[in-house]
Structure formats: structure tokens, C-alpha cells
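Just so you know, the protein sequences line up as chains X and V, in that order.
Once you know that position 458 of the first sequence is 458 in this note's numbering, the rest is easy, because the numbers rise by one and skip nothing.
Once you know that position 47 of the second sequence is 597 in this note's numbering, the rest is easy, because the numbers rise by one and skip nothing.
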Amino acid sequence: MSDKKRLNMWLVLAFAILVLFVIFVVFPLGLVLYKSVLMEDGTISFDYFVKFFSKKFYWSTLVNSFKVTIVSTIVSAILGLIMAYVLRSVKIRGSKLLNILIVISYLSPPFIGAYAWIQLLGRNGFITRILNAIFHTQLNGIYGFSGIVLVFSLQSFPLVYMYISGALKNLDNSLNEAAESLGCSVFQRVRKIIVPLVTPTLLASSLLVFMRVFSDFGTPMLIGEGYKTFPVLLYSQFMGEVNTDEHYAAALCVIVIAITLVLFFLQKYIGNRLTYSMSALKPMEAEYATGIRNVLAHVFVYLVVLLAVLPQLTVVVTSFLETRGASYTGKFTLENYRNILMPKNISTITNTYLYGLAAILLVVVLGVLISYLTVRKKSFLTAILDTLTMFPYIIPGSVLGISFLYAFNKPPLLLSGTAMILIISLCIRRMPYTIRSSTAIIGQISPSIEEAAISLGATERKTFLRITVPMMMAGVLSGAIMSWITLISELSSSIILYTSKTQTLTVAIYVEVIRSNFGNAAAYSTILTLTSIISLLLFFKVSGRNDISV
Amino acid sequence: MSVAIKIENVVKRFGKDTVINGLSLDIKPGEFFTLLGPSGCGKTTLLRMIIGFNTIDGGRIMIDGKVINDIPTNKRNMGMVFQNYAIFPHMSVKDNIAFGLKNRKVPKDEIERRVDEILKVVKIDHLKNRMPQKLSGGQQQRIALARAIVIHPEVLLMDEPLSNLDAKLRTEMRNAIKQIQRQVGITTVYVTHDQEEALAVSDRIAVMNAGVIQQVDTPKNIYQRPANIFVSTFIGLSNILDGTLESNDNGKAVVRIGDYRFQMNNILKESGANRPVKVSVRPEEFIINRETREGIPVTVKNSVFLGVDTHYFVETREGQEIEVIQNSDLDELIPDGTRIHLKVQTHKINVFNEDGSKSLIDRGVRA
């Protein structure tokens, strides 16, 4: 009787959410798949795929992508591993601040790094000019392969660092001590104990880096010049001024999805096979080192962190420089900020904040409901929901953006050009992360707490709202802040979905860089960085932690 | 005002597994009734069927004659105390206890009065405005108990409420729970796997195994007159010896273990004679005989002096190991390797049929 009615409430909710995901995930992606094999004359064939793999001009972009991705991933992994080990085992002065700086360098969009490095090491870059003046050379700046790798490596090693650092925290020092007592030297210990134990984490985080780097288009677009990667090809096929072909772009989307899908399962497979569960009673403690070892450790750590935050520093400094077109006059000014804060431009900032907040609100409410349904109300329907909601995890932003334009370009679902389409795409991109963290939070709440409330006469709805939700709040809130930081620096789907009215900060930065309005770009970037730093500090305060896991 | 619980042929299935298949129980008004059994025996499942977290797949459960199968949990008016206490961590002690009263739309001043009253009963009135996180396990358990009984439930259900407490606190809380239950007089169903706890708190105990009730009785009877070998070995320690019921006439039976013969006067008449039986002897029911050759011949393997009594681990000629407990006296311990004979206190031991499923003891006869 009323028992059934309450059951229905969750069922209806699950069904409603499922419908939403069918409309906003399944339908657009299905459309991409369909378009990729649909010829102009209405027949079905794989011609577009044949076209891609038969012309070197096209398939070489894939080769280029793999090259830069593999090299940057390896460099990031090595850099992240060493940084994590050094910071966990040697006491470094100011390590707390260094930690925050590393996180910040990771949280800014990669293309800002690309544009900042151009300012430093580009054709007309600050450092390039100094070098050319001193050595009387004609260095042409760092573009193409090496530029892309430089930017991606420095931008991605923090991810590996954060994961490994977390794994090392769970590694009991008695393992080290046991090895030492059994006659292992320091280097043998690292090689035989530490590295094998963090290998699963290293692989998992490396694959995350791989996926992120592989689908990023902003960086190779800016610093790649002639070196064309796959995402650049995809973007230009879809958005370019000449020769755009949306069916061909759809086929390219399918190729990316196929690749990320393989990577995703690879990561899952490796992750499942190689996980050790450890919890440290007595974690490793950083110790004061002496002599040359101490000096080396400090020099290394500070150098890497300096390189990582250099783009941010460059951006902040150049935001106060007077510009004339693409060049700097050498004078300090607030002109750039006056420009971007003008009434006609201010919407860029307010848009970013509004869309971010709206998306966070949506993502949190939906995320909490979905994870509650999949954990506590297990059924066939919620199992489908569980799989479906994780799907956006493997869809690169640009593909999601393109699929949205295909799907919502005409009535009854005419959304293109609206703020709504941006908010929904942000929401969907972040959904898998929110669901994962909410699921973990619910998993920590004992079901008997909810049962206690019900045995005391509360309805299921009341139990959910008064007991479960308040208990989840702290965890969900800190998750929401992390999502917020990620969303305001999102570029790859926004760049495809924005119009002049719905421009956000990252889009504005990108557009200004392309137009060589470096002053405005720098000012926008500084505001973005500032927002991220404040949000990050808020996160530390709310979560009571001093590290993050992404 | 206390209620009776009648459980009639209830069935519980999880998927294809039938966990409980046609179980019946009668619980009397105001009784402290314990479901005791090894983990996985279905005792918690049965408890959760009574409160409604598990559906009843067959049979029915009645409270004072009223079938409750289809009443949702939040309308059943039963209080439950959980193994992990299930205290709402985001509410103060007072709000935790008032939660059920608010759901029942009790007026504010009455909530206040009843919360204060129950806090005194469970002796934590000084913690009223504290948040629960920093409180000890024992204190949290008192909150859980107060929260469950403040709503004046018809039935109080407790699912292993003491298993997360340390040994000393467990004894203290066990006495507190029993005393509070007496004071409030609610029909209580208590689930535990700890036999000592069950013996200490219960009016009656139902021993369960594999979804089936083995025996329902008072703690004293469960220990002294177990209904079958499962109960005799699950509750306390019993040495099971192979024996023969040689004769059984006019209330005088002769039982033989090996070459050791002894008389018993409380074997059921219908047990017959000349049949193999299982003799169940608790360690303290042996008498060590060092003078004559009467008794089961054994060799002392090992002894442990524990103050009040001394445990001997001995081995029969057939290689069966037996534990014997004797009150410690001033004499020297019996050295390892000594050959001794064991007699039994015939009025205390139990005799079962060959497969151990049925006791042959006539409980009507004073042994």
C-alpha cells in the first residue's frame, strides 16, 4: 500500500533522470554516430573513415597526437613521481605553499600555459630575446612538438604528483624500516619497495594524463603551429572557415570516442589488476636531510615548481603591462583591467560565475540523487542509470560540444546559442566525477542510520532530506568547490557552444589570444587564477584537508 | 499494556536462497526474549522481519493478534537499537532522542519532558546538549537505547547492541539494559551470538541454527538440559562421547562408555535399550578418580591453572581429546602423562540419540 507508493517515488525519480540522460547524452552521441556513416545522398557507408585513414594529411594528425601524448605522459609521470617522493621523504622549506602552487598550476587550463610560454619562449618571447641578444643567435622560439610537450608536461605532472603523494601517504613506514633491517640501501628501497607499491597509482594517473592530453585542443592550436594534432583537425573540420564538413567531423568524433574508450577500459583493467590496499598506521615522514642531498632536493623541487607556476606568474605580470597590439610598451598600467571590466565586457565574468554556479547546483542535486539511487535503491533501472551517467567520463569536451550542436540546433529542442546549452554541457561533463565522489560518501554512511530514522517513524522522503542529505553535505560541498574550479576553466566544449552573448572567461582568453590582444587575455587569466586560488583556499577550509585528490 | 508477538510459519527468501523456512515463535508480553545463534543463522533476518526492514515472504507476524505483515516500518511503533548505534551524527543528543517524538507530532513541552525523563533513566542527562561524535561507545549506546524507548514502542528490538563495546563496558551495559528493560516493561527481542550475554539478560532464549529454532527455553534449562547436541555444544562447552544405552527398565537405565558403566534414573522410558547414544558431559561434570580403575581411562596431556579452577586436557585410549575442569585445591596439579580415570556426575550429564538430534533425558524426573 503506502509502502508501494514510496517505492514509486524513487522509481519515478530514477526514470525522470534516465530520460534526461537519454535526451542529453544518448541522443546527441547517437546522432554523431549516425552522421558519421550517413552520406550526403542518404546512403550508409564508412567512406569518411576510409577518407581519414587513406590520406596522410589526416591520419598523420593521429600519429602526431600519439607522439606528443606519449612523450608528455612519460615526462609527467617521471616528474610527478620524483616530486612526490622527494616531498614525502625530505623536509623541504615551505612545502605547504609549494603544494598549493602545484595544485594551482594544474587547475589552470592548459592553453593558458601555451600562451604564456609563447610570451616567454616564443619567436618574440621575453627569454628568447635575451638569449638572442647575449649569444647573437636567431632562435625561433619553442613551437611545434617541443612546445606542446613542454606545456603538457609541466601542466600534467601535478596530477601524477597528487596521486602518488596520496599513495605514499598510505604507505606504512614500517615497510621501509623492514626493508632497511633486511639490509636494503636507500636506492634499493626505492626501487624494490616504493616503486612497485606505487606502480598501480602511477599507471592509473598516467592514463588520466594521457586522456586529458590526448583530447586537449587549445594547446596544440596555439603553440603547435604546423604541428597539427587530431583535436586540432577535429576543431578545424567543424569550426574552420573553409572546408567544414560536419559528417566528416562526426566521423572524427567517433574515432576519438573509440580511442578514449579503449584507454578507459585499459585503465580499468590495469587498475583492477594491480591495486594493493594499504592503510598506514605510521606514514612515511619527511626528514631533514643534510649536505648536498638537502641542497639538491631543494633546488630540484623549487625549480620544478617555478617552471610549473611560471605561466601563471607571466600572465599576472603581463596583465599589468601596457600593450600595443601584440607587443608591450614596457610601461605598467591598469588599462587591461579597465578594458575587461567595462560594462559591455563585464558579462564575460558574470557569465562564467553564473553558468558555473548554475551547473554546480544542477550537478550536485542530480549527482546526490543518482548516487543515492544507485547505491541504496539498486534495481535494473538504476543499473542502467549508473552506466549511462558514467559515459560522459570518456567523451572529450569538444566531442560533447559538437554533438550538442548537432542535436539541439532545431526545434523542438532549440538550445544552441543559449546559456542553457553551456550550463547543461558543463553539468554533463562534471557529472561522472560528482557521482563518483557522492557514491563514496554515501558508502560511508551506514544504512542502519537511515533504518533508525524510519523505525522512529520518519517517512523515506523525510529520512533522505533530514538524515542522509545533511550527513553528506560536508563531503558534497567540498566536492562541489572542486567541480566549480574545474568548470570555470573548461574550454573545449564551451569554445564550440558559445556565442558573443554567452562568452565565458576561458573562451574570452582564447579569443583574445587569437586576436593577439595579450593584455586583455592576461587580465582575464589573472581573474580566473584569482578565482581558482580563492576557491581552493575555501576548499581547504571546508574540507579540513591540506591536499586534494581529483 | 505490554504486547505479545506471535510469529507463524514465516518464510524469508533472498533471491533463490530460502534463509528461513516456516519458523514459528511465541513471545510473551513484557518478556526479554533473545535470539541466539552463530552468525548467518538467520537471527538478524528474523529481527528485521519483525521491524519491517525485511519483507515477510510467507506466514505472518502478529502483535497482540493483529497481523503486521503489510504495515510499513515507520507505522509499526517499534523501537530498534542497532549494532553500530546508528546515532545521527549531525544532531545533538537531545535532538537524536527527540527525533521519533517529533515524527509523532508530540507537543513541544511534552517532548522536552519525555526527553529529560528518559535521559535520567539511561543516566546520561549531563550529556543532553552535546554532539554525539565525541562520546564514548557506551554513551552512544545509551543514547540509542533512550531514542528507541522514548517513543513508547510496543516492541523493543536490539541487534547485537553490545558487540562493538569492550569487555568491561559490555558487562556494565548488559546489566543496564536488563535493568532498564525491567523498569520500562517493554516486550523485547534481543539478537546476539554471545551465549554468555544471552544467558545473562534473557527471560527466555531461542537458539537458532541454519534458520531453524533448536530450542526455546529459560537460560538455565538451555544450559543444563539442551534439546540436542547443537545446543549443548553451542552453549558452553560439552565433551561428546560415544556410548551405549544398555538397559532401561522402571526408570533405571544403564549407560556404558567403553568399559565404564553407570546408572541413570532420568532417561525417557520410550528410549528403548541396547542402542548407541551420544553422551554429552560438560568439563565440570567429570569426577577425577585416581584411587580405583572405575571410569574412562585417560592420560593427562596438559594442565592450566586458572585460579578458581584448573583445566586438564586429557586424551582417551581412542585418541579423543577431553577437557576437564576441577575446582582448584591445595594439592599439587596432576603431572602431565599421568593415567587417571574419569567418572561423570550422572544427574547432570545429558544423553542424546545417535545422531545427536534429540535428547533422551526425561525432564519430568528429578535426577
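Even glycine gets a Cβ: it sits at the ideal position worked out from N, Cα and C.
Item checked: Range covered by the beta strand (DSSP E) that runs through residue 707 of chain V -> Translated into positions along the second sequence, residue 707 of chain V becomes position 157. Looking at the DSSP string, the run of the beta strand (DSSP E) that includes residue 707 of chain V is 705–709.
Note to self: Can you tell me which residues form a DSSP beta bridge with residue 608 of chain V?
What the structure shows: What you label residue 608 of chain V is simply residue 58 of the second sequence in a count that begins at 1. In DSSP, residue 608 of chain V forms a bridge with V/561.
Item checked: Separation of residue 678 of chain V from residue 353 of chain X, as counted between CA atoms -> Numbered from its first residue, the first sequence carries residue 353 of chain X at position 353. Numbered from its first residue, the second sequence carries residue 678 of chain V at position 128. If I take the Cα positions, the gap works out to 43 Å.
Check: Taking the beta strand (DSSP E) that residue 628 of chain V falls in, what are its first and last residues?
Finding: One-based indexing of the second sequence puts residue 628 of chain V at position 78. Taken as a continuous stretch (DSSP letters only), the beta strand (DSSP E) holding residue 628 of chain V covers 628–631.
Note to self: Looking at the strands, I want to know which residues DSSP matches up with residue 826 of chain V.
What the structure shows: By one-based count along the second sequence, residue 826 of chain V stands at place 276. Note: residue 826 of chain V sits in a beta bridge opposite V/794.
Next item on the list: Note down, one range per segment and in chain order, each beta strand (DSSP E) of at least 3 residues found wholly within the region 710–751 of chain V.
Entry: Runs of the beta strand (DSSP E) lying entirely within the region 710–751 of chain V and spanning at least 3 residues, in chain order: 737–742.
Margin query: If you measure between the beta carbons of residue 480 of chain X and residue 360 of chain X, is that distance less than 7 Å?
Written below: Stepping through the first sequence from its first residue, residue 480 of chain X is reached at position 480. Stepping through the first sequence from its first residue, residue 360 of chain X is reached at position 360. Yes, the pair counts as a contact, with Cβ atoms nearer than the cut-off.
Item checked: Cα-Cα separation between residue 550 of chain X and residue 766 of chain V, rounded to whole angstroms -> Sequence index remark: in the first sequence, residue 550 of chain X carries index 550 (1-based). Sequence index remark: in the second sequence, residue 766 of chain V carries index 216 (1-based). With a pLDDT of 45 at residue 550 of chain X, under the threshold of 50, the modelled position of that residue is not reliable, and no figure is offered here.
Notebook entry, point to check: Thinking C-alpha only, which one of X/388, X/112, X/93 is nearest residue 489 of chain X?
Noted result: Here residue 489 of chain X corresponds to residue number 489 of the first sequence, with the count starting at 1. Closest option to residue 489 of chain X, Cα to Cα, is X/112.
Check: Taking C-beta to C-beta, are residue 217 of chain X and residue 394 of chain X nearer than 7 Å?
Finding: On the first sequence, position 217 is the one that residue 217 of chain X refers to. On the first sequence, position 394 is the one that residue 394 of chain X refers to. For residue 217 of chain X and residue 394 of chain X, no; Cβs fall outside 7 Å.
Next item on the list: Residues of the region 448–464 of chain X with a CB closer than 9 Å to any CB of chain V: list them in chain order, please.
Entry: 448, 449, 450, 451, 452, 453, 454, 455, 456, 457, 458, 459, 460, 462, 463
Notebook entry, point to check: Under the three-state reduction of DSSP, which class applies to residue 116 of chain X: helix, strand or coil?
Noted result: Sequence index remark: in the first sequence, residue 116 of chain X carries index 116 (1-based). If DSSP states are grouped into helix, strand and coil, residue 116 of chain X belongs with the helices.
Notebook entry, point to check: Expressed to the nearest angstrom, what Euclidean distance is found between the alpha-carbon atoms of residue 231 of chain X and residue 214 of chain X?
Noted result: Stepping through the first sequence from its first residue, residue 231 of chain X is reached at position 231. Stepping through the first sequence from its first residue, residue 214 of chain X is reached at position 214. C-alpha separation (whole angstroms): 8 Å.
Checklist line | Expected contact under 8 Å - CB spacing of residue 476 of chain X and residue 438 of chain X to nearest Å | finding: Residue 476 of chain X sits at position 476 when you count from the first residue of the first sequence. Residue 438 of chain X sits at position 438 when you count from the first residue of the first sequence. About 6 Å separates the two Cβ atoms, so the contact holds.
Margin query: Quick test of your reading: residue 92 of chain X and residue 364 of chain X, contact by CB under 8 Å. State the CB separation rounded to the nearest angstrom.
Written below: Along the first sequence, one-based indexing puts residue 92 of chain X at 92. Along the first sequence, one-based indexing puts residue 364 of chain X at 364. With 8 Å as the limit, residue 92 of chain X and residue 364 of chain X do not qualify as a contact, their Cβ atoms being about 36 Å apart.
Check: If you measure from the beta carbon of residue 467 of chain X to each beta carbon in chain V, is any gap under 7 Å?
Finding: Counting from 1 along the first sequence, the entry for residue 467 of chain X is found at position 467. With 7 Å as the cut-off, residue 467 of chain X counts as an interface residue toward chain V.
Next item on the list: Compute the distance between the beta-carbons of residue 127 of chain X and residue 121 of chain X, then report whether it is under 7 Å.
Entry: Locating residue 127 of chain X in the first sequence gives position 127, where the first residue counts as 1. Locating residue 121 of chain X in the first sequence gives position 121, where the first residue counts as 1. Contact flag set, yes.
Check: For the region 302–388 of chain X, which segments carrying the alpha helix (DSSP H) assignment without a break, of at least 4 residues, lie completely within its bounds, in sequence order?
Finding: Runs of the alpha helix (DSSP H) lying entirely within the region 302–388 of chain X and spanning at least 4 residues, in chain order: 335–340, 347–376.
Next item on the list: Out of V/731, V/688, V/628, point me to the one whose CA is closest to residue 600 of chain V's CA.
Entry: Your numbering for residue 600 of chain V matches position 50 in the second sequence. Looking at the Cα atoms, V/628 is the closest of the given residues.
Next item on the list: Taking a Cβ distance cut-off of 7 Å, strictly less, list which residues of the region 738–759 of chain V are near chain X, in chain order.
Entry: none
Notebook entry, point to check: Which residues share a DSSP beta bridge with residue 44 of chain X?
Noted result: To locate residue 44 of chain X, count along the first sequence from 1; it is residue 44. In DSSP, residue 44 of chain X forms a bridge with X/38.
Check: Closer than 7 Å, CB to CB, is residue 494 of chain X near chain V or not?
Finding: Position 494 of the first sequence holds residue 494 of chain X. Taking Cβ atoms only, chain V never reaches closer than 7 Å to residue 494 of chain X, which makes this a no.
Margin query: Under 8 Å: do the region 586–594 of chain V and the region 662–669 of chain V share three or more Cβ pairs, one atom per stretch?
Written below: no
Check: By a C-beta neighbour count over all protein chains shown, 10 Å radius and 16 as the cutoff for buried, is residue 2 of chain X buried or exposed?
Finding: For this step, residue 2 of chain X is matched to residue 2 along the first sequence. Because the pLDDT at residue 2 of chain X is just 41, under 50, the model does not fix this residue reliably, and the point stays unresolved.
Notebook entry, point to check: Around the Cβ of residue 14 of chain X, are there at least 16 other Cβ atoms within 10 angstroms (buried) or fewer (exposed)?
Noted result: Numbered from its first residue, the first sequence carries residue 14 of chain X at position 14. Counting Cβ neighbours within 10 Å, residue 14 of chain X comes out buried, since at least 16 surround it.
Checklist line | Straight-line gap, residue 164 of chain X to residue 202 of chain X (C-alpha atoms, nearest Å) | finding: Within the first sequence, numbered from 1, the residue matching residue 164 of chain X stands at position 164. Within the first sequence, numbered from 1, the residue matching residue 202 of chain X stands at position 202. Rounded to whole angstroms, residue 164 of chain X to residue 202 of chain X spans 7 Å at the Cα level.
Check: For the beta strand (DSSP E) that residue 767 of chain V lies in, which residues bound it at each end?
Finding: Here residue 767 of chain V corresponds to residue number 217 of the second sequence, with the count starting at 1. Segment 762–767, the beta strand (DSSP E) holding residue 767 of chain V.
Notebook entry, point to check: From residue 451 of chain X to residue 711 of chain V, what distance separates their C-alpha atoms?
Noted result: Residue numbering aside, residue 451 of chain X sits at position 451 when the first sequence is read from its first letter. Residue numbering aside, residue 711 of chain V sits at position 161 when the second sequence is read from its first letter. If you draw a straight line from the Cα of residue 451 of chain X to the Cα of residue 711 of chain V, it comes to about 15 Å.
Note to self: Tell me the rounded alpha-carbon separation between residue 4 of chain X and residue 621 of chain V.
What the structure shows: Counted from its first residue, the first sequence places residue 4 of chain X at position 4. Counted from its first residue, the second sequence places residue 621 of chain V at position 71. Here residue 4 of chain X scores only 48 on pLDDT, less than 50, and its place in the model is too uncertain to base an answer on.
Note to self: I need the DSSP call for residue 531 of chain X, collapsed to helix, strand or coil.
What the structure shows: As a first step, residue 531 of chain X is located in the first sequence; it is residue number 531 there, counting from the start. In this structure, residue 531 of chain X counts as helix in the three-state DSSP scheme.
Margin query: Which same chain residues end up closer than 6 Å to residue 152 of chain X when comparing Cβ atoms and leaving out the 5 residues on each side of it in sequence?
Written below: In the first sequence, residue 152 of chain X corresponds to position 152, counting from 1. Same-chain partners within the cutoff: 72, 213.
Notebook entry, point to check: Roughly how many angstroms lie between the CA atoms of residue 895 of chain V and residue 837 of chain V, to the nearest whole one?
Noted result: Within the second sequence, residue 895 of chain V is the residue found at index 345, counting from 1. Within the second sequence, residue 837 of chain V is the residue found at index 287, counting from 1. Those two C-alpha atoms are separated by around 7 Å.
Notebook entry, point to check: Who does residue 810 of chain V pair with in a DSSP beta bridge?
Noted result: As a first step, residue 810 of chain V must be located in the second sequence, where it is residue number 260. According to DSSP, which records beta bridges pairwise, residue 810 of chain V is partnered with V/807.
Checklist line | Element boundaries [alpha helix (DSSP H), containing residue 664 of chain V] | finding: In the second sequence, residue 664 of chain V corresponds to position 114, counting from 1. Run containing residue 664 of chain V: 658–671, per the alpha helix (DSSP H) assignment.
Margin query: Could you give the first and the last residue of the continuous alpha helix (DSSP H) run that contains residue 230 of chain X?
Written below: In the first sequence, residue 230 of chain X corresponds to position 230, counting from 1. That run of the alpha helix (DSSP H) goes 230–239.
Margin query: Buried or exposed, going by whether 16 or more other CB atoms sit within 10 Å of the CB of residue 288 of chain X?
Written below: In the first sequence, residue 288 of chain X corresponds to position 288, counting from 1. Answer is exposed; the Cβ neighbour count stays below 16.
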